[in-house]
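Engineer:
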Ligand code: FES
Ligand code: FES
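Protein chains in written order, with the working numbering: chain S, 8 to 804; chain Z, 576 to 730.
1. May I ask you to list the residues that DSSP assigns as paired with residue 445 of chain S?
2. Taking C-beta pairs closer than 7 angstroms, name the residues in chain Z that residue 808 of chain S reaches, listed in chain order.
3. Mind checking residue 90 of chain S: buried by the 16 CB within 10 Å criterion, or exposed?
4. Mind pulling the beta strand (DSSP E) runs of 3 or more residues that sit fully within the stretch 629-693 of chain S?
5. In this structure, how does DSSP classify residue 293 of chain S when only helix, strand and coil are distinguished?
6. Have a look at residue 635 of chain S and residue 760 of chain S and give me their C-alpha separation to the nearest angstrom.
7. For residue 627 of chain Z, count the other beta carbons within 10 Å of its own beta carbon; 16 or more makes it buried, fewer makes it exposed. Which is it?
8. Rounded to whole angstroms, what's the CA-CA distance from residue 609 of chain S to residue 542 of chain S? Just pull it up for me.
9. Figure out for me which residue from S:362, S:538 and S:68 has the closest Cα to the Cα of residue 507 of chain S.
10. According to DSSP, what are the bridge partners of residue 355 of chain S?
11. If contact means a Cβ-Cβ distance below 8 angstroms, which residues of the stretch 577-597 of chain Z contact chain S?
12. With a threshold of 8 angstroms between beta-carbons, can residue 705 of chain S be considered close to chain Z, or not?
13. Indicate the three-state DSSP secondary structure (helix, strand or coil) for residue 493 of chain S in the structure shown.
14. Touching or not, the stretch 621-631 of chain S and the stretch 728-746 of chain S, by the rule of three or more beta carbon pairs under 8 angstroms?
15. Check this for me: beta carbons of residue 374 of chain S and residue 205 of chain S, under 8 angstroms apart or not?
16. Taking only heavy atoms of ligand 1 into account, decide whether any of them is closer than 7 angstroms to the Cβ of residue 674 of chain Z.
17. Tell me, to the nearest whole angstrom, how far the beta carbon of residue 561 of chain S is from that of residue 597 of chain S; I am working on the premise that it is less than 8 angstroms.
18. Over the uninterrupted beta strand (DSSP E) stretch that includes residue 138 of chain S, give me the two end residues.
19. Report the neighbours of residue 616 of chain Z on chain S: residues whose CB is nearer than 8 angstroms to its CB, in chain order.
20. Please classify residue 44 of chain S as buried or exposed, where buried requires at least 16 neighbouring CB atoms within 10 angstroms.
21. Among S:226, S:515, S:192 and S:473, which one has its Cα closest to the Cα of residue 260 of chain S?
22. Tell me, which residues are paired with residue 590 of chain Z by DSSP?
23. Quick one: is residue 206 of chain S near chain Z, going by C-beta distance under 8 angstroms?
24. So residue 501 of chain S and residue 532 of chain S are in contact, right, with Cβ under 8 angstroms, and what is the actual spacing, rounded?
25. Return the CA-CA distance between residue 565 of chain S and residue 689 of chain S, expressed in angstroms with no decimal places.
26. Answer with yes or no whether the minimum CB distance from residue 622 of chain Z to chain S is below 8 angstroms.
27. Could you check whether the Cβ of residue 53 of chain S sits closer than 8 angstroms to any Cβ belonging to chain Z?
28. According to DSSP, is residue 127 of chain S part of a helix, a strand, or is it coil?
29. Would you say residue 262 of chain S touches ligand 2, meaning its beta carbon is less than 7 angstroms from a heavy atom?
30. What do you reckon, are the CB atoms on residue 588 of chain S and residue 495 of chain S nearer than 8 angstroms?
31. Which bits of chain Z does residue 410 of chain S rub up against, with CB to CB less than 8 angstroms?
32. Closer than 8 angstroms, CB to CB, is residue 212 of chain S near chain Z or not?
33. Can you name the residues of chain Z whose CB is closer than 8 angstroms to the CB of residue 371 of chain S?
34. Is there a Cβ from chain Z that is less than 8 angstroms from the Cβ of residue 720 of chain S?
35. List, in order along the chain, the chain S residues whose C-beta lies closer than 8 angstroms to that of residue 665 of chain Z?
36. Hey, out of S:79, S:249 and S:305, whose CA is closest to residue 202 of chain S's CA?
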């Protein structure tokens with residue numbers, strides 16, 4: 008932890024580590040992203056590349072009005088009155104309040120706690136909470152109307168720290184063996200407390216929804232969204248509509264990453280309520296400021312972690328406590344916590360484990376889905392522990408993982424036997440080899456030893472490993488009972504019918520590819536129906552990296568049945584016969600994967616049908632004067648089962664890895680009085696092309712036999728592993744462990760110099776006193792780092 | 576006020592308040608919705624267009640400043656319904672995922688290719704530094720621009 012201060016340079020002659028040395032990639036590896044003409048090209052690519060693709064804000068509905076949301080400006084308060092100023096002519100616009108909701112005032116999701124609009128007399132629970140809606144024929148009138156609405160409130164005390172909160176959304180315990188007893192036996196015990204903050208999805212297309220009222224009394228919404236049937240369910244309940252009246256159509260969607268999993272339901276309800284009131288289409292297109300202020304973020308978390316190693320060098324005990332901040336409403340928090348808890352041990356064999364988790368309510372905007380869904384938070388802590396154990400044991404972080412990583416036949420803390428598709432060691436070796444990890448690690452080590460006081464930069468290399476359960480957690484897929492359909496139309500067209508959405512990850516490409524391969528026809532012969540709830544069945548949400556594995560699997564089975572039926576009936580090959588063989592429709596419903604059913608009460612059984620595995624090696628420079636980190640190189644090796652489309656899969660690895668690097672280094676939401684302070688793109692920074700390293704992706708394939716095509720999914724996996732690799736590399740460079748994400752320059756500098764540590768991430772500062780300087784001008788942090796485990800050997804000595 | 580300029584080779588005449596954003600003029604008055612809005616404050620580059628060959632953020636340009644200029648947007652790139660080399664390279668390498676940054680990236684890429692600088696990793700990164708992409712990690716975008724540069728040289 009001390010700033011390296013040796014004065015003699017001890018780098019052996021000949022051992023150099025020039026700044027620009029790229030990590031070595033094996034020569035037989037395909038050049039990443041090399042054009043592979045044999046693969047089908049992105050189905051909707053040409054439209055996206057010519058500007059023809061229609062995202063929500065590109066859709067034109069003549070006569071549409073513009074909608075806006077009146078939001079709270081306090082973290083907790085009683086709403087006493089919605090005041091409409093007489094100075095404005097309210098006949099020019101429509102105003103909607105909770106009283107105008109025809110159904111339940113509930114945004115339907117896991118729980119029923121979140122209102123569509125806070126009713127008068129009700130409780131405001133977070134900043135930027137929707138309280139009323141306005142629609143106007145043009146933007147200027149809308150702006151003017153907004154200025155004439157006031158919320159009269161009575162402020163109530165707010166809670167910002169999940170550790171102090173008393174309202175709980177969920178809690179879980181995973182237990183195997185006797186962790187407490189084993190910990191007493193351990194020869195080495197390392198403990199630490201890790202904190203991670205909010206992360207904004209920052210899809211480049213803001214949230215957007217347009218509601219169009221229909222003559223039959225129903226409403227069709229067109230929007231940027233991941234889960235048409237989530238929106239559909241929410242509309243049915245709050246708008247009191249039957250299945251047919253509520254129609255949800257996905258527009259081209261400019262990124263989601265989980266951020267468009269649950270929040271679009273809120274906007275769809277708001278736009279629909281306005282559209283039903285003014286009887287015309289209503290556009291609700293968020294600007295960036297509103298989007299960041301109001302929509303969901305990755306859950307902040309506190310993870311307290313203790314690991315015990317036996318005198319023979321085995322990992323024998325883990326005691327882990329996870330506390331997540333759910334924000335003001337439940338949203339998807341219980342499931343996020345569940346995934347976080349189930350991944351908290353990391354991909355390592357350990358006979359005695361106790362993991363407890365609880366998710367608490369605070370008066371901050373609700374947190375929700377974001378790529379990784381609880382796992383990046385807890386796996387950051389898990390990998391920090393492993394890297395610190397390696398340091399304490401004077402072992403190579405690579406060797407330690409080789410020794411402890413799950414192998415086939417091992418049992419997880421829920422009692423799940425890893426029967427197949429266990430590729431932790433393969434991804435580890437692939438990443439280690441491609442990055443020449445051992446050699447590079449030895450070099451950075453001697454550079455650190457030999458560094459002089461005058462050194463301006465320090466180079467480090469870091470490694471991390473992760474697992475990610477494929478598909479929904481526990482009994483989720485069984486409960487969903489998704490359906491995917493394949494249609495042979497009368498006029499001889501093959502059409503895929505699913506609710507799985509395209510948001511850049513490649514759904515619209517891999518589905519036709521899988522179906523065409525199964526049917527023995529060309530890729531271009533298979534069409535895909537629009538994601539419109541009046542046309543496609545409920546194939547479940549497009550989340551949890553489940554689309555390729557679960558829905559892709561259903562489509563293959565449907566295609567197999569269709570092919571057999573046509574070939575039996577005609578005696579000819581499907582490709583020859585199908586054009587005259589319709590109409591025909593095959594509906595394929597999910598049947599459980601083999602394995603032990605998961606018990607939601609005891610947390611025993613197969614938590615996931617299979618796991619994906621990921622390793623990441625990061626090389627970076629730390630500027631010792633400013634604390635800034637420049638990630639120079641990155642190797643990411645991911646096992647997603649059988650790969651369907653290597654270019655798209657690499658795209659997932661590269662994109663996910665950079666989001667993880669942003670999470671590790673610069674992406675931090677700051678809050679004051681429960682409000683996001685840096686709620687613009689100018690202040691919430693994500694990596695640019697100059698910040699991004701070259702990311703070398705390595706695809707490892709350990710097929711999963713439960714899916715007909717062996718695929719496990721890739722979307723979230725890379726997100727779990729980048730951040731701990733970055734922090735390990737910062738330690739390798741500087742000798743300092745940063746326990747909080749992001750490892751910002753301020754935190755690194757404070758750790759290096761022993762100066763005041765900025766406040767922990769994810770916790771709102773209290774409202775400044777009147778007359779105090781604006782919060783942006785305050786110096787960072789107090790000098791105290793709360794929640795630090797007292798015996799934490801990684802902390803300043 | 577009436578403003579006259581050229582958009583994608585066609586002369587246009589726009590009646591608008593001079594402070595109206597070029598982005599809105601393109602998207603709403605001229606129905607060219609290929610140019611996107613990600614932030615409205617010059618941070619993301621989703622609204623990048625070329626004015627007289629230079630990359631600008633159309634969300635920061637008042638239409639008055641477009642007077643007499645030549646504006647190019649993503650809609651100008653494909654010729655007779657065929658993708659140009661840069662678009663084709665994006666398609667092949669996987670440079671477009673969700674596609675919302677793509678029109679802006681393409682315009683920044685076009686300007687880079689027209690500038691004739693050596694298509695090194697560094698130079699390309701510099702050229703697209705004003706364009707944020709949240710999906711790709713930039714790797715395949717850079718490869719696409721390099722591939723297009725190579726094909727233009729080879730041709
Ligand atoms: S919309 Fe113009 S830079 Fe973001
Ligand atoms: S492709 Fe989605 S933001 Fe770039």
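In this text, a Cβ means the ideal position worked out from N, Cα and C, and glycines have one as well.
The model shown is predicted, which means the values in this text are computed figures rather than measured ones.
Structural biologist: Inspection of the coordinates gives the following:
1. In the DSSP assignment, residue 445 of chain S forms no beta bridge with any residue.
2. There is simply no residue 808 of chain S to check, as chain S begins at 8 and stops at 804 in what is shown.
3. exposed
4. For secondary structure counted as the beta strand (DSSP E) over 3 or more consecutive residues, the stretch 629-693 of chain S holds these complete runs in sequence order: 636-646.
5. In the structure shown, residue 293 of chain S sits in coil (DSSP, three-state: anything other than H, G, I, E or B).
6. 14 angstroms
7. exposed
8. 39 angstroms
9. Looking at the Cα atoms, S:538 is the closest of the given residues.
10. In the DSSP assignment, residue 355 of chain S is bridged to S:412.
11. If the cut-off is 8 angstroms between Cβ atoms, the stretch 577-597 of chain Z has nothing near chain S.
12. no
13. strand
14. yes
15. yes
16. no
17. 6 angstroms
18. 137-143
19. 295, 687, 688 and 689
20. In this prediction, residue 44 of chain S has a pLDDT of 38, which is less than 50 and means its spatial position is unreliable; nothing more can be read from the coordinates.
21. S:515
22. Z:577
23. no
24. 6 angstroms
25. 48 angstroms
26. no
27. Taking Cβ atoms only, chain Z reaches closer than 8 angstroms to residue 53 of chain S, which makes this a yes.
28. Under the three-state reduction of DSSP output, residue 127 of chain S falls in the coil class, being neither helix nor strand.
29. yes
30. Yes, the pair counts as a contact, with Cβ atoms nearer than the cut-off.
31. Within 8 angstroms Cβ-Cβ: nothing; residue 410 of chain S doesn't reach chain Z, min ~31 angstroms.
32. yes
33. Result: empty, since nearest Cβ-Cβ is about 23 angstroms, beyond 8 angstroms.
34. Not one chain Z Cβ lies under 8 angstroms of residue 720 of chain S.
35. 52 and 56
36. S:305
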